[in-house]
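Protein chains in written order, with my numbering: chain A, 88 to 239; chain B, 16 to 322. Have a look at the structure below, then the notes.
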Amino acid sequence: MEEQTITAGAAATATNEQFEPLILAFCCYWCAYAGADLAGTSRIQYPTNVRIIRVQCSGMVHPNLVIEALTKGADGVLMIGCHPGDCHYLEGNLRAKSRADAISLMLEDFALEPERFRLEWVSAAEGPRFAQVMTEMVEQIKKLGPSPFRAA
Amino acid sequence: MPVRLAEEWFAICGGCEVTILDIGEPLLDLLEKVNIVHMPVLMDHKLFGQTGEGTEMEIPEAEVGLIAGGIRSEEHRKLAQEMRKKCKTLIALGSCACYGGIPALANLYATEEILNKVYRESVTTETNGMPNVDIPAMTDRVYAVSEVVKVDVSLPGCPTTPEMVAGALTALLEGKPFPLPTKSVCDDCPTIREKKSVSTLKRRLEAPEFTPGQPLNQMRCLMEQGFLCLGPATRTGCGGSEGTPRCIRAYMPCEGCFGPLSEKANPMVDMMTALSTIGLDPKQISDRAATFNRFSGAGRLRPAPRR
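Below, the structure written as structure tokens:
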């Protein structure tokens, strides 16, 4: 999705009375994105606040991308990969795990709530779980309120 | 006709004004070409007219305006706008003006919290309440000058270097632009890098390993020796024509006083990347946000979220 479309969405939701968060989900091609597909083809309902970005592997999501998203209008970021041991690239998701640790540290440094970032494992067969993760995340971010970087 | 120069200072220590004096002999040539019309540190030019007859703060017109210090009060904000109105070219002098500098570390706390600490809660303070007579209101946070008015030339550094001030003024007098270097301090650092490090962070007071008398390119990178050095995330240029960064010349790690690599760069992210590249654990650094943004807090540091 183009950056413009993403930020346009952010501006529109920020002015609404009812806070509708904008959440980015980096989904790996082999498991999480297929899981999202399954959730779709199975007609499972989940909130529309999530924008999915397909990446080849969760391990390729650089912390810079997550921080950039959170400081430029996203209220929450999800990083979703294959279950440990199931990675198509053998250990990409383990790399994602260690990156997630660094991201958590950086959220602290940027004075952001740690709940705004979440690392999850969803397999290609787990459509319902994908929908559940999305629902949980949206509820959590709604509780937290808009990102402080939105106003700035 | 000499070029008119106005200077104003806000939230600052005065070190950058000393830097102007520190230009040394080239200053004599420069002074022949400029006519200083307003400079609180040097001359008694009052803002409301010499006998206080004015109703608005006024600064005489000038071709070149220098502003040192970040914006902390409404008075500063007004004066910055007045400077912008009266000066054709505006120079932000020093890191406080460019990025908020040390005073901007206060951005980690809410204004209310700071006032309470200073005027009410501090053990050594006699509590006589908040001062409120003839004092301009504080801004909600420390701002860099460029966040309030348009700045034409930025000269970072804490303090900035005499060479840079002289260079910028000379360039402006000749009508040339004065771009800043875009590389990092590491690009100008002559020390040896092996891309791996000792695993524990050393205290700043410990001595690095080097042979006295040997040139710097015989010394190992200070970060790899375990000293936290902000070189990877800091703009170079402090070394001037000599090249080697100022602190490195004194066998000390970079403090980051030249600010981030670009306006949009994020020193916190850059430093985390640099630390992980050589295998230092960032968890060992207490107060990372303030350490990595020591001189660039305006717009980059915020109070922690309330729970």
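We treat Cβ as the ideally placed atom computed from N, Cα and C, and that holds for glycine.
Under the three-state reduction of DSSP output, Ala121(A) falls in the helix class. Rounded to the nearest whole angstrom, the CA to CA distance from Ile35(B) to Ser277(B) is 25 Å.
Per DSSP, reduced to three states, the secondary structure at Asp203(B) is helical. Beta-bridge analysis with DSSP links Arg141(A) to Cys114(A).
Here the alpha carbon of Met224(A) sits roughly 11 Å from the alpha carbon of Leu206(A). For Cys102(B), no alpha helix (DSSP H) segment is defined; the enclosing uninterrupted segment is the beta strand (DSSP E) at Cys102 to Leu108. Not flagged as an interface residue toward chain B: Glu202(A), since no C-beta distance is shorter than 8 Å. Contact annotation for Ala212(A) against chain B: no contact, minimum CB-CB distance about 34 Å [criterion: below 8 Å].
In summary, the residues of the region 133-161 of chain A whose CB is separated from some CB of chain B by less than 9 Å are His149, Pro150, Asn151, Ile154, Glu155 and Thr158, in the order they occur in the chain. With contacts defined as CB atoms closer than 8 Å, Leu109(A) and Asp173(A) fail to qualify as a contacting pair. Closest in C-alpha terms to Ala238(A), from the list Tyr133(A), Glu226(A), Phe113(A) and Lys159(A), comes Lys159(A). Residue environment analysis places Glu270(B) among the buried positions, since at least 16 neighbouring C-beta atoms fall within 10 angstroms of its C-beta. Nearest Cα to Ala181(B) within the set Ser110(B), Ser137(B), Gly255(B) and Ser214(B): Gly255(B). Burial check for Asp285(B): the Cβ neighbour count within 10 Å reaches 16 or more, so the residue is buried. From the listed residues Gly64(B), Val213(B) and Cys102(B), the smallest Cα separation to Thr292(B) is found for Val213(B). Per DSSP, reduced to three states, the secondary structure at Arg130(A) is coil, with no helix or strand assignment. Across the set Pro177(B), Ala289(B), Leu170(B) and Thr66(B), the C-alpha of Pro177(B) shows the shortest separation from the C-alpha of Leu42(B). Within the region 118-171 of chain B, the runs of alpha helix (DSSP H) at least 4 residues long that lie entirely inside it are, in chain order, 126-131 and 160-163. Under a criterion of Cβ atoms nearer than 7 Å, no residue of chain A is adjacent to Arg321(B); the nearest Cβ is some 10 Å distant. Residues of the same chain with a CB within less than 6 Å of the CB of Met221(A), apart from the 5 flanking positions on each side, are Tyr133 and Val137 in chain order. At a cut-off of 8 Å between C-beta atoms, Ala126(A) does not count as an interface residue with respect to chain B.
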